[in-house]
Structures are given as structure tokens and as C-alpha cells.
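Chains as they are written, first to last, in the numbering used here: chain A, 27 to 193; chain B, 1029 to 1191. We put the CB at the ideal spot given by N, CA and C, even for glycine. None of these values were measured; they are calculated from a predicted model.
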């Protein structure tokens, strides 16, 4: 076992929160490793030294400065406190997301090109319809021509037949 | 308020190592506190919230300025206000160890220093520290352990380097 793993467990070992199997593993390693023994001894010294670490009393001058803070603050607030409650934050977040989506539809350049594309499609459709209409016109004209030709041919055929019977 | 002032002041003093700096930082923390009070969520513990505010302020301030100094105040009678029990030899040794710990704190990174101060100097539980640092319990435990190891190494180095 390298030293790294047992050293990770030193605090739990000293605090007595290690389960027995790991505790034995740490002790086995300690028995064979003088470096870790020295480190653990150092940790023990620190543990003893920091116990009951004294707390200082803040000076009277500092306390006076601190109690002067609330009156020194400006009374004016841009936003009423009730709007800053943390419980409202999800609603603000939701509203922000909604606004972003709305702005995509109304303001983003994609929105304008979308409109352009729609206009173009309508225009194309219109011109296609016109073309079909024009083609249909030429077809009726041609049909009319065929009909005239056919009638003309029939008439000549009749004339020919009559002249033959006269003979 | 005095009890809260004491806690913030001691945290700032132990973190910065300077009495003057600690007073200034405590005042700034309380200024921020009054500004942030409307945002306090009443479901949380006030002390944990205050300590989180103080911790964020101290670490930010430290990273921003590095406080232009690496030297901590002398470890003097102010820091050892509580008399130590036991025989004189032990007392002397413990006193010496306290001084070494105090002087070595600045060698730790700000995150590690904060963890070891909250756990060992202030005696907070891991759960409380997890709340203050806003970290998972496991991360807090391993950070405290790493900080202690680093501290022990620096202390031993100092002890070896001194005559």
C-alpha cells in the first residue's frame, strides 16, 4: 500500500470514525512506514494545540462601528423588498425564458427571413398559376385550330364526293 | 448582534492573521449583511448563512488583494487568552505548537485554510461546515484532512528550521 490512501484516512482515524477493517489497514501501514508515523504524530500535536483555541472579543470601537451601520444605510430602495424574496426567483427565471422566446419570434433576423420566405412562396405560387393559365389558353387555341382544320377537311371531302356522284 | 460580531471577527482574524485587517473585514461583512438581509431565506440557519457570507467575502477579498502581506500578527497573549491547564513543561510545548500552527496557517491555500479554521480552531461539525462552504459532506471531510496534512508538514518544517 502506498502512503497516499492511509493518509487520506488519518483524520477519520484520529477522530475514531473509521470502520474496523480500514482502521486495521491504516495501523498495518503505520507499523511499516516511519514517514507516516511522523506525520500522524505531527497531526496529533496539532490536534492537541488547536483544542480550545481562544476566541477574541471584538473591540468596543469595532462594535460601535458595526451598530452604526443600519442607520447609516440609505432608506431609499429602487426595488421593494417583497420583489427580492428568494421564493419569487423561479417565476422571474420563467418570465425571462419566455421573453427570450418571444423576442426570437418578433425581433430576431430569422423571423424576418421567415416572412420573406413566405412572401416568396406566395409569389412563386401565383406566377406558376399564371403560367398554367397561359398554357391552358394556348391549348384551347390550338384545339380550335384543329377543329377548324377538321371541319375544312370534311367540307372538301363532301365537295369531292358530290362531284363524283354528279359524274 | 455582539455574538455574531464575535464569530465573524474571530473567523476574519484567524483567516487573515491580522487584527486590523479582521476589524475592517468584519465591518465590510456586516455592511454586506445589511444589504443582503432581505434576501435571507428563513428556512436556513442564520448563523450558517452569516458565516457563508463572511467566508465568501474573506476568500474573495484575499484572492483579490492577497492582502499585500504574508506575515501574520505575532502570536501573542491576545490569541492565548485562555490559560492552559497541565504541568509547565506540557503547557510550554503546547504554547509552542499553537504558535507554529498560527504562523503556518498562511502557507495553506485560502480554501484549505478556511476548512481547517472552521473545523479545528472553531470546532464546527462537518455538517455545519458543509452548509457554510456549500459543499458535499465527503468533499468537506477530505478537504479538512488534506488541509491538516499540509499544515502538519509546514509545522514540522518550521520546527525543524528553527534552532
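- 1077(B) is the residue among 1049(B), 1077(B), 1073(B) whose C-alpha sits nearest the C-alpha of residue 1060(B).
- Secondary structure in the segment 1045-1133 of chain B: the alpha helix (DSSP H) runs of 4 residues or longer, each lying completely within the stretch, are 1047-1064, 1074-1093, 1116-1132 in chain order.
- Of the candidates 76(A), 133(A), 105(A), 76(A) places its Cα closest to the Cα of residue 1151(B).
- Here residue 80(A) is not near residue 1037(B), since their CB atoms are 8 Å or more apart.
- Residue 1146(B) has its alpha-carbon roughly 10 Å from the corresponding atom of residue 1158(B).
- Residues of the same chain with a CB within less than 7 Å of the CB of residue 36(A), apart from the 5 flanking positions on each side, are 66, 69 in chain order.
- Inclusion of residue 1133(B) and residue 1188(B) in the CB contact set at 8 Å is not warranted, their separation being larger than that value.
- Under the Cβ criterion of 8 Å, residue 1160(B) is not counted among the residues facing chain A.
- Within its own chain, no residue has a Cβ closer than 8 Å to the Cβ of residue 150(A) once the five positions on either side in sequence are excluded.
- No Cβ of chain B is located within less than 8 Å of the beta carbon of residue 119(A).
- Look at residue 1152(B) here: in three-state DSSP terms it is coil, with no helix or strand label.
- At a cut-off of 8 Å, the C-beta of residue 88(A) has a neighbouring C-beta in chain B.
- Taking one beta carbon from each stretch, the segment 1082-1093 of chain B and the segment 1064-1071 of chain B have fewer than 3 pairs nearer than 8 Å; the two do not touch.
- In summary, the residues of the segment 65-77 of chain A whose CB is separated from some CB of chain B by less than 7 Å are 65, 68, 69, 71, 72, 74, 75, 76, in the order they occur in the chain.
- Taking a 10 Å sphere around the C-beta of residue 63(A), we find fewer than 16 other C-beta atoms and assign the residue as exposed.
- In this structure the segment 1177-1186 of chain B lies against the segment 1122-1132 of chain B, because at least three pairs of beta carbons, one per stretch, are closer than 8 Å.
- Along the segment 1169-1183 of chain B, the positions whose C-beta sits under 9 Å from a C-beta of chain A are 1169, 1170, 1172, 1173, 1174, 1176, 1177, 1179, 1180, 1181, 1183, read in chain order.
- Straight-line spacing of the CA atoms in residue 142(A) and residue 1139(B) works out to 57 Å.
- In this structure, DSSP gives residue 119(A) a helical state, which the three-state scheme calls helix.
- For the C-beta of residue 91(A), the chain B residues within less than 7 Å are, from N- to C-terminus, 1055.
- Neighbours of residue 36(A) in chain B, taken as residues at a C-beta separation under 8 Å, are given in chain order as 1173, 1176, 1177.
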